[in-house]
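In numbering that gives the first Met the number 0, the protein residues as written are 0 to 110.
Every residue, glycine too, gets a C-beta built ideally from N, C-alpha and C.
Keep in mind that this is a model prediction, so the values were computed, not measured.
Written below as structure tokens is the structure these notes are about.
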Amino acid sequence: MSDKKRILIVEDEVAILRATSDRLTDEDYEMIEAKDGKAGLDLALKEHPDLILLDILMPKMDGVQVMKKLREDSWGKSVPVILLTKLDLDDQKLREIVQYGAAYYLVKRDW
């Protein structure tokens with residue numbers, strides 16, 4: 000088994016997905032990728048990554064739904080999640096998802 004930390008990135012914007020995944024691979028992390036919330040949740044519950052980078056606005060299942068489902072799972076209750084978002088701090092959806100225990104959030108427009 001690899002000693003590399005595993006990071007799941009759940010992001011529907013391919014350019015951001017690729018750039019983030021490539022950069023973290025260069026830093027010696029093992030990357031797992033999903034392009035929508037449903038696939039991301041399924042991979043998280045199956046693969047148990049060390050960290051999840053989670054977009055909020057996505058097709059099939061948004062980040063709020065993913066966080067709710069993760070936090071209902073015994074493993075998912077404690078996995079650290081960093082949110083990736085274009086939302087403003089005062090956006091209701093961002094406030095809603097933060098209540099589920101996101102470790103941090105990054106505003107994508109600042110990248």
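Unbroken beta strand (DSSP E) run spanning L56, endpoints: No beta strand (DSSP E) contains L56, which DSSP labels as neither H nor E.
Neighbourhood of E32 by C-beta distance below 7 Å, restricted to the same chain and skipping five residues each side: I8, L16, S20
Simplified DSSP assignment, three categories, for A102: coil
Exposed unless 16 or more other CB atoms sit within 10 angstroms - verdict on P48: P48 counts as buried, since at least 16 other C-beta atoms from the protein chains shown sit within 10 angstroms of its C-beta.
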